[in-house]
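Chemist: Take the sequence shown: its position 111, counted from the start at 1, is 111 in full-length UniProt numbering, and no numbers get skipped.
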Amino acid sequence: MILFLTRTYFPEGTNGKLECEGKLISYTIELPWKRNERGISCIPEGKYFIRKRYSAKYKWHLELVDVPNRTYILIHPANNAQKELRGCIAPVTKLSGPGLGLMSRKAFTKLKDLVYKALDSKESVELIVQ
Numbered sequence: 001m002i003l004f005l006t007r008t009y010f011p012e013g014t015n016g017k018l019e020c021e022g023k024l025i026s027y028t029i030e031l032p033w034k035r036n037e038r039g040i041s042c043i044p045e046g047k048y049f050i051r052k053r054y055s056a057k058y059k060w061h062l063e064l065v066d067v068p069n070r071t072y073i074l075i076h077p078a079n080n081a082q083k084e085l086r087g088c089i090a091p092v093t094k095l096s097g098p099g100l101g102l103m104s105r106k107a108f109t110k111l112k113d114l115v116y117k118a119l120d121s122k123e124s125v126e127l128i129v130q
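#1: When you compare only the Cα positions, how much space is there between Ala81 and Lys122?
#2: Kindly give me the distance between the Cβ atoms of Ile75 and Leu31, rounded to whole angstroms, as I take these residues to be in contact under 8 Å.
#3: By the 10 Å Cβ neighbour count, where 16 or more other Cβ atoms means buried, how is Pro77 classified, buried or exposed?
#4: Helix, strand or coil for Arg70? Go by DSSP, reduced to three states.
#5: Can you say whether Thr6 is buried or exposed, counting buried as having 16 or more other CB atoms within 10 angstroms of its CB?
#6: Taking the DSSP output, what are the residues bridged to Asn15?
#7: Does DSSP put Ser55 in a helix, a strand or coil?
#8: Kindly list the residues whose CB is nearer than 7 Å to the CB of Cys88, restricted to its own chain and excluding five residues on each side of it in sequence; keep chain order.
#9: In terms of residues, what are the limits of the beta strand (DSSP E) holding Lys94?
#10: What does DSSP give as the partner residues of residue 141 in its beta bridges?
#11: With contact counted as at least three CB pairs below 8 Å, one residue from each stretch, are the stretch 23-43 and the stretch 64-71 in contact?
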């Protein structure tokens, strides 16, 4: 499975559109681009594999593998990139401003169900960020 994340950059945050086979899955919010600096920047454009991950904070969620100079880049619910993200990607149902969105849990559940189904059937899942 290949997911495409098409970004629009703003000084306050990064907004995106997440699609699979030309169909919209959700919108996304991220931190603004600040040269891939840990904790304050979105990740570089590129191709990443996605795997399942569990933590006490986010329960079952998604992790991007082999992000250059970064660790624990996750996909998890958040509605405000500046307040809730440190480099991760948050799916949202609706964009409400640069780095801001609404109903993230609903969008995250939809994405997680889609990705987990593919991973459970031994399919690899790639995210192409552009």
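Yeah, the Cβ is synthetic: ideal placement off N, Cα and C, and Gly gets one too.
Quick caveat: nothing in here was measured; it's all calculated off a predicted structure.
Modeler: By the coordinates alone:
#1: 32 Å
#2: That pair is no contact at about 14 Å.
#3: buried
#4: coil
#5: exposed
#6: Thr8, Ile29
#7: strand
#8: Ile73, Leu74, Ile75, His76
#9: 94-97
#10: Examination of residue 141 is not possible in this model, given that the chain is present from 1 through 130 alone.
#11: yes
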